[in-house]
Every structure is written in structure tokens, then in C-alpha cells.
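Asker: Dropping the structure in here first, questions after.
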């Protein structure tokens, strides 16, 4: 599993939630989602875990974060999201096996769903958990193709659909899993797990 994460710093992470929460609370929520995602990955027990971060892994936030030994820390590097995802996925596949690419914006991506996605990937070339806003919370691949990440309209409502078209183009059979909700906009806050609103 490769978890893509931005350092949960005020004014840097979850900026679209700032109008509703303010910079400090938006950053606090980003940190909670980051730690929750890592916890779910650890509980899923479906393989190695890599935390692929921005800014670079030497940033003081990442150096101060206590990570279990099983979690490897890497830098996303330069380029748009597609270039960064492609580099990470290709690097992971060099070591063999499947790869699950996930973000930290979706508390609905539980350990149970991660295990189910990994299981589905044993029978398909790819799996996707699309999100309500048109993106995806998880992309699982048995084969990494650059076309899946090139010229995608990132951060728009057509990301999942464009990715599906590229999968078809690459003759990759994809399991389309249930649609989840990313916490990106103020309207998404109602989908936070119970009790998370306290203190925001």
C-alpha cells in the first residue's frame, strides 16, 4: 500500500475546508485523517506500507512523526499528481506484486474495505473505489501503465471516468467498487465519522 499525504500544516493541507473550519482546525482534521488512514492500513495487514509525502520526507513534520517500523517514508517529488503517482507505483511494482494507491482524505476507507480491495485485486487487473466528487479514494493495480496517470484532469469530477477509459485502453479488467466520500469541501463534513466534529 502506498499512502499519499500532504503534511497537515495550517494553510497547506485541506485548504478548501478553511472557509468552514479555519486554517488551524482544517490542519487538525487533516492530521486526524492521516493518522486514521495509517491505522486502517496497519489493521488491514495486506502488505507493506509506504507513506509517500509532500513536502519532502526531510521536512520537520515528517521527521517528528512517530511511525511504526513497518511504514516506510518516501518523498512524492516534483510534478503533477499523475507524475507523482506514476513514479511511486512503478517503484513499488519493481519489487513485485500488486500496489494499492490511496490518499488520506477518505475515512470511509476502512481496514475492512482495504482487505476487500486487495482480495478483489487477486481476480482483476485493477480495482477502484470511486468517490462522490468524481475522483477515486483507492486505485489498485496488478500492472502499472503510464497511460493511467498521463493527461488526467486531476482534481475534477472526471478523474475516475478518465482513469476507467485508460484502463479499457490498456486492456485491463477493472473491478468498480462502491462509491465513497472524500472530505474535501465543507459539504463533505457531514460524512465524518461520529464524534470527529468535536473540537473542529
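Numbering (the UniProt record's numbering), first residue to last: 1 to 200. Here a beta-carbon is modelled for each residue, glycine too, at the ideal position from N, C-alpha and C. For clarity, every value in this text was computed on a predicted model and none was experimentally measured.
Compute the Euclidean distance between the alpha carbons of residue 192 and residue 34, then round it to the nearest angstrom.
Answerer: Between residue 192 and residue 34, the C-alpha separation is close to 14 Å.
Asker: Report yes or no: do the stretch 90-98 and the stretch 153-169 share at least 3 C-beta pairs separated by less than 8 Å?
Answerer: Not touching, per the Cβ criterion.
Asker: Is the number of C-beta pairs between the stretch 128-138 and the stretch 73-91 that are closer than 8 Å three or more?
Answerer: Cβ pair count under 8 Å is below three, so no.
Asker: Just checking, does the stretch 119-126 make contact with the stretch 48-59 on the three C-beta pairs under 8 Å criterion?
Answerer: No, the stretch 119-126 is not in contact with the stretch 48-59.
Asker: If you drop the 5 nearest sequence neighbours on each side, which residues of the same chain put their C-beta closer than 6 Å to that of residue 88?
Answerer: Result list for residue 88: 2 and 52, in chain order.
Asker: Based on the DSSP output, what are the partners of residue 2 in its beta bridges?
Answerer: DSSP output for residue 2 lists 50 and 101 as bridge partner(s).
Asker: Would you mind stating whether residue 20 and residue 8 have Cβ atoms separated by less than 7 Å?
Answerer: Against a cut-off of 7 Å, the Cβ pair of residue 8 and residue 20 comes out as no contact.
Asker: What are the residues that DSSP puts in a beta bridge with residue 130?
Answerer: Answer by DSSP bridge pairing, in chain order: 136.
Asker: Under 6 Å Cβ to Cβ from residue 144, same chain only, skipping five residues before and after it: list those, please.
Answerer: The answer, listed in chain order, is 89, 90 and 93.
Asker: Figure out for me which residue from 30, 46 and 154 has the closest Cα to the Cα of residue 99.
Answerer: Residue 99 has its Cα closest to that of 46, out of 30, 46 and 154.
Asker: How far does the alpha helix (DSSP H) with residue 174 in it reach, from first residue to last?
Answerer: Premise fails: residue 174 lies in the beta strand (DSSP E), 174-176, not in any alpha helix (DSSP H).
Asker: Mapping the DSSP letters down to three states, classify residue 27 as helix, strand or coil.
Answerer: Reduced to three states, the DSSP call for residue 27 is helix.
Asker: What would DSSP say about residue 159, mapped onto helix, strand or coil?
Answerer: Of the three classes helix, strand and coil, the one that applies to residue 159 here is helix, per DSSP.
Asker: Going by DSSP, what residues sit across from residue 71 in a beta bridge?
Answerer: Paired residues: 49.
Asker: Bridge partners of residue 180, per DSSP?
Answerer: In DSSP, residue 180 forms a bridge with 131.
Asker: Which residues mark the beginning and the end of the alpha helix (DSSP H) in which residue 62 is found?
Answerer: Counting along the chain, the alpha helix (DSSP H) containing residue 62 begins and ends at 60-64.
Asker: Is residue 10 near residue 23, with beta carbons less than 7 Å apart?
Answerer: In this structure, residue 23 lies closer than 7 Å to residue 10 by Cβ.
Asker: Measure the C-alpha to C-alpha separation of residue 102 and residue 113 and round it to an integer number of angstroms.
Answerer: Distance between the alpha carbons of residue 102 and residue 113: 12 Å.
Asker: If we ignore side chains and look at the alpha-carbon of each, how far apart do residue 106 and residue 151 end up?
Answerer: Answer to the nearest angstrom: the Cα atoms are 24 Å apart.
Asker: For residue 18 and residue 59, I'd like the C-alpha separation in whole angstroms.
Answerer: Cα-Cα distance, rounded: 23 Å.
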